[in-house]
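**Student:** Can you keep this structure in mind? I'll have questions shortly.
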Amino acid sequence: MLEGCVPWPDEAAARYRAAGYWRGEVLGDLTADIAKSDPARVAIVAAGRRHTYAELDERASRLAGGLHALGVRPGDRVVVQLPNRWEFVVVCLALFRLGAPPVLALPAHRRAEIAYLCAHTDAVAYICQDTHQGFDFLGLAEDVRGEVPGLRHVLVAGSEGAQPMKPGFLPLGDIDAEPARLPAPDPGDVAFFLLSGGTTGLPKLIPRTHDDYAFQIRATAEAMGFGEGDVYLAALPVAHNAALGCPGVLGALRAGGTAVLAASPSPDEVFPLIAAEGVRLTTLMPAFLPLWLDLAPLFEADLSGLTIEVGGAKLRPEVAERIRPELGATLTHWFGMAEGLLCFTRGDDPPHLPVHTQGRPLCEDDELRVVDEQGRDVAPGEAGELLARGPCVLRGYYRAPEYNARAFTPDGFLRTGDVVRFAETGELVVEGRIKDVVNRGGEKVPAEELEEHLLAHPAVRDAAVIAVPDPRLGEKTCAVLVTAGTRPDLAELRAFVAGRGVAEYKQPDQVRYVDVLPRTGVGKVDKVALRSATG
Ligand code: J2J
1 MLEGCVPWPD
11 EAAARYRAAG
21 YWRGEVLGDL
31 TADIAKSDPA
41 RVAIVAAGRR
51 HTYAELDERA
61 SRLAGGLHAL
71 GVRPGDRVVV
81 QLPNRWEFVV
91 VCLALFRLGA
101 PPVLALPAHR
111 RAEIAYLCAH
121 TDAVAYICQD
131 THQGFDFLGL
141 AEDVRGEVPG
151 LRHVLVAGSE
161 GAQPMKPGFL
171 PLGDIDAEPA
181 RLPAPDPGDV
191 AFFLLSGGTT
201 GLPKLIPRTH
211 DDYAFQIRAT
221 AEAMGFGEGD
231 VYLAALPVAH
241 NAALGCPGVL
251 GALRAGGTAV
261 LAASPSPDEV
271 FPLIAAEGVR
281 LTTLMPAFLP
291 LWLDLAPLFE
301 ADLSGLTIEV
311 GGAKLRPEVA
321 ERIRPELGAT
331 LTHWFGMAEG
341 LLCFTRGDDP
351 PHLPVHTQGR
361 PLCEDDELRV
371 VDEQGRDVAP
381 GEAGELLARG
391 PCVLRGYYRA
401 PEYNARAFTP
411 DGFLRTGDVV
421 RFAETGELVV
431 EGRIKDVVNR
441 GGEKVPAEEL
451 EEHLLAHPAV
461 RDAAVIAVPD
471 PRLGEKTCAV
481 LVTAGTRPDL
491 AELRAFVAGR
501 GVAEYKQPDQ
511 VRYVDVLPRT
521 GVGKVDKVAL
531 RSATG
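Under full-length UniProt numbering, the first residue of the sequence shown is numbered 1, with each subsequent residue one higher.
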């Protein structure tokens, strides 16, 4: 496995192979069979265009050839930040074939996150779109190149024909060469990196192998009854595990279906697509559901053939139980992590299960434990921290040995930081979390990351970020500050954080001022006390 990654122990790997979970599939081959047997079948629909399996397969091969000619080699890392456009899929397939793992950044990330990802992975290239939602990614790329000298290439989608570009910048569409003769990647090696939603400090990277992700997309497609000719709608960013591989865009391709890429989950964008393309399956974060419920009658949207996978943040039962009667759609309720653990209700479960639980694990060989603060298993039905091990659950974050020593038990269970219990009938119920993250409608803000930015402000002496309730997002961020001199107000703090090149969703939503932050006996900020004082 790539240096800096932690492989599964031989015994576990052998077990997962023997059980047929890991079959030696490589993700670069997803489209190869259908490109030969049924080349005209539509693989991707995006921005009003339909792309066949043959077109996707050919373009990915030629892009892999072009990247190889540029000097990108197996094992090199490439930071990819593309919104839901067809090039995202082409780029991923090309990099899977090259064995040069893409590092999947979210479209919302900005200079601070991208520079960190490029530096931390020693990326050789950064692939972005020229502008997206009014933001200039070329400017960002220039700054990042200044900060990360090892970054050799910036490849830009959307700039075809916009010559001349700056040295080191190339239009993605021009990267095109005869497919190189490449050695097949090892299925046990890293295919790509996902970003963790919930760790301490700077974002951690999750290596996903060909073997484990091929299993995830195959098994989730089977569990959702998603097969050949079915249509999946990516309404969330495709760089996120939920829309990429549960079964998501990659699972749709592997199953011989079609993936429709939407620009956003807003009803005016997705309802017409669902009708026109006959969408069978999509994924949503709970924050969007009230809007769908409110606007479906206005659009006269017929969602009766649709299954919606909802997860990523708390889904309130009052909202969940409206989905079947008001939208006509089938709800499956998910507890997912980019780290590879997936629990979810199945489409044919009795209706109370998706309303009140997050269902059962993907794989019968997923090992889940619920433990107390001392790491002892709690009594059945009691709540505690969820620990997980399984054929998709990573054994270590990338290049993070010290963090890994805390994030995993000595026998390899991931400490999820989520507090759960199991219902008597065996379903998982998420109760809360102990990790210091604000879950802003599914977008995760690690408290410590934002605190570091706030502490850089000259008037801020001490800072603690906590979650406060929000009717739309479920939670939002509140910065509790000890200041000296003039108090910066919320607008100033947001501008300050933005100026540090941080994604907008991580800017504080609220600010409170205190004379001193409460601390525990060992000197850590007492966030429990802060929350009750602020709540
Ligand atoms: C409460 N918190 C939840 C739920 C995840 C499918 C769906 C979601 C994700 C995802 C994903 C929750 N109720 N139902 O990867 O494939 C919180 C937990 C968890 C964290 C993981 C998928 N479902 N969460 O959200 O990696 O705190 O993955 O640890 O972004 O989201 O976040 P992320």
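Think of the CB as a built atom: it goes at the ideal place given N, C-alpha and C, for glycine as much as any other residue. Computed from a prediction, not measured in an experiment: that's the story for all the values here.
For Gln133, which residues of its own chain have a beta-carbon under 6 Å away from its beta-carbon, when the five flanking residues on both sides are left out?
**Tutor:** On the sequence shown, residue 133 is found 133 positions in, with the first residue counted as 1. Excluding positions up to five away in sequence, the list is empty.
**Student:** Give the secondary structure of Glu339 by DSSP, where H, G and I count as helix, E and B as strand, and everything else as coil.
**Tutor:** Translated into positions along the sequence shown, residue 339 becomes position 339. Here Glu339 sits in coil by DSSP.
**Student:** Quick one: what does DSSP say Leu261 is sitting in, helix, strand or coil?
**Tutor:** For the purposes of this step, residue 261 is taken as residue 261 along the sequence shown, with counting starting at 1. Looking at Leu261 - three-state DSSP - the assignment turns out to be strand.
**Student:** One question on the structure: do Leu106 and Cys246 come within less than 8 Å of each other, judged by their Cβ atoms?
**Tutor:** Within the sequence shown, numbered from 1, the residue matching residue 106 stands at position 106. Within the sequence shown, numbered from 1, the residue matching residue 246 stands at position 246. No, Cβ-Cβ distance for Leu106 and Cys246 is not below 8 Å.
**Student:** How about Val465 and Glu451: are their beta carbons less than 8 Å apart?
**Tutor:** As a working note, residue 465 is residue 465 in the sequence shown. As a working note, residue 451 is residue 451 in the sequence shown. The answer is yes: Cβ separation under 8 Å.
**Student:** Taking the beta carbon of Gly384 as the centre, do at least 16 other beta carbons fall within 10 Å, making it buried, or is it exposed?
**Tutor:** Along the sequence shown, one-based indexing puts residue 384 at 384. Counting Cβ neighbours within 10 Å, Gly384 comes out buried, since at least 16 surround it.
**Student:** Distance check for Cys392 and Val303, CA to CA, integer angstroms please.
**Tutor:** Start at 1 with the first residue of the sequence shown, and residue 303 comes out as number 303. Start at 1 with the first residue of the sequence shown, and residue 392 comes out as number 392. The identity of residue 303 in the sequence shown is Leu, whereas the question assumes Val. Cα to Cα, the separation comes out at about 32 Å.
**Student:** Grab the span of the alpha helix (DSSP H) containing Gly251 for me, first residue to last.
**Tutor:** Position 251 of the sequence shown, counting from 1, holds the residue named residue 251. 248-254 is the span of the alpha helix (DSSP H), which, as asked, contains Gly251.
**Student:** With respect to the beta strand (DSSP E) encompassing Cys5, which residues constitute its N-terminal and C-terminal limits?
**Tutor:** Taking the sequence shown and counting its residues from 1, one reaches residue 5 at position 5. Cys5 -> no beta strand (DSSP E), and no H or E assigned at all.
**Student:** Is any heavy atom of the ligand J2J found at a distance shorter than 7 Å from the C-beta of Phe192?
**Tutor:** Here residue 192 is taken as the residue at index 192 of the sequence shown, counted from 1. Phe192: no, Cβ never under 7 Å from the ligand J2J.
**Student:** Using the Cα positions of Gly375 and Gly71, report the straight-line distance between them to the nearest angstrom.
**Tutor:** Within the sequence shown, the letter at position 375 stands for residue 375. Within the sequence shown, the letter at position 71 stands for residue 71. Gly375 and Gly71: Cα-Cα distance of roughly 48 Å.
**Student:** So does Met224 have its beta carbon nearer than 7 Å to some heavy atom of the ligand J2J?
**Tutor:** Looking up residue 224 in the sequence shown gives position 224. No - the ligand J2J has no heavy atom lying nearer than 7 Å to the Cβ of Met224.
**Student:** Between the segment 225-233 and the segment 188-208, do at least 3 Cβ pairs fall closer than 8 Å?
**Tutor:** Result no; under three Cβ-Cβ pairs closer than 8 Å.
**Student:** Could you check which residue in Gly417, Leu194, Val279 has the C-alpha nearest to that of Gly229?
**Tutor:** Translated into the one-based positions of the sequence shown, residue 229 becomes position 229. Checked all of Gly417, Leu194, Val279; the closest Cα to Gly229 is Val279.
**Student:** Look up Ile127 in the DSSP assignment and give the residues it is bridged to.
**Tutor:** Position 127 of the sequence shown holds residue 127. In the DSSP output, where bridge partners are listed per residue, Ile127 has Val80, Leu155.
**Student:** Pairs of beta-carbons, one from the segment 110-118 and one from the segment 75-87, closer than 8 Å: are there three or more?
**Tutor:** Touching, yes, given that three or more Cβ pairs across the two stretches are closer than 8 Å.
**Student:** Return the chain-ordered list of same chain residues with a C-beta closer than 6 Å to the C-beta of Arg254, the five sequence neighbours on each side being excluded.
**Tutor:** Residue mapping note: residue 254 aligns to position 254 of the sequence shown, counting from 1. Around Arg254: Leu30, Ile217.
**Student:** Would you mind reading off the limits of the alpha helix (DSSP H) that contains Lys36?
**Tutor:** Against the sequence shown, residue 36 aligns to sequence position 36. Looking at the DSSP string, the run of the alpha helix (DSSP H) that includes Lys36 is 32-37.
**Student:** For the ligand J2J, any of its heavy atoms closer than 7 Å to the Cβ of Arg433?
**Tutor:** In the sequence shown, counting from the first residue as 1, residue 433 sits at position 433. Yes.
**Student:** Between which two residues does the beta strand (DSSP E) harbouring Cys478 extend?
**Tutor:** Stepping through the sequence shown from its first residue, residue 478 is reached at position 478. Where Cys478 is concerned, the enclosing beta strand (DSSP E) stretches over 474-483.
**Student:** Let me know if Thr199 comes out buried or exposed under the rule of 16 or more other beta-carbons within 10 Å of its beta-carbon.
**Tutor:** Taking the sequence shown and counting its residues from 1, one reaches residue 199 at position 199. Buried, by the Cβ-count rule.
**Student:** Could you check which residue in Ala338, Leu362, Glu492, Tyr232 has the C-alpha nearest to that of His240?
**Tutor:** The residue given as residue 240 occupies position 240 in the sequence shown. Per the Cα distances, Ala338.
**Student:** Go through its chain and collect everything with a Cβ distance to Ala301's Cβ below 6 Å, but skip five positions before and after it.
**Tutor:** In the sequence shown, counting from the first residue as 1, residue 301 sits at position 301. Phe271, listed in sequence order.
**Student:** In three-state terms, what does DSSP make of Ile308?
**Tutor:** If you number the sequence shown from 1, residue 308 lands on position 308. Ile308 falls in the strand class under three-state DSSP.
**Student:** State buried or exposed for Ala484, treating a residue as buried only when at least 16 other CB atoms are found within 10 Å of its CB.
**Tutor:** Within the sequence shown, numbered from 1, the residue matching residue 484 stands at position 484. Classification for Ala484: exposed.
**Student:** Give me the residue from Gly248, Gly305, Arg181, Val249 with the minimum Cα distance to Ala276.
**Tutor:** Mapped onto the sequence shown, residue 276 falls at position 276. Looking at the Cα atoms, Gly305 is the closest of the given residues.
**Student:** Just how far apart, CA to CA, sit His109 and Arg500?
**Tutor:** Numbered from its first residue, the sequence shown carries residue 109 at position 109. Numbered from its first residue, the sequence shown carries residue 500 at position 500. Roughly 12 Å separates the two Cα atoms.
**Student:** Where do the ends of the alpha helix (DSSP H) carrying Arg15 lie?
**Tutor:** The residue labelled residue 15 in the question sits at position 15 within the sequence shown. Element bounds for Arg15: 10-18.
**Student:** Where does Ala242 fall in DSSP's three states?
**Tutor:** Taking the first residue of the sequence shown as 1, we reach residue 242 at position 242. Residue state, collapsed to three classes: helix.
**Student:** Between Ser159, Leu170, Arg85, Glu113, which has its C-alpha nearest Ala125's C-alpha?
**Tutor:** As a working mapping, residue 125 is identified with position 125 in the sequence shown. Considering only alpha carbons, the answer is Leu170.
**Student:** Would you mind working out which of Phe422, Ala313, Asp268, Arg181 sits nearest Leu293, comparing C-alpha positions?
**Tutor:** Taking the sequence shown and counting its residues from 1, the one referred to as residue 293 is at position 293. Taking only the C-alpha atoms, the option nearest Leu293 is Asp268.
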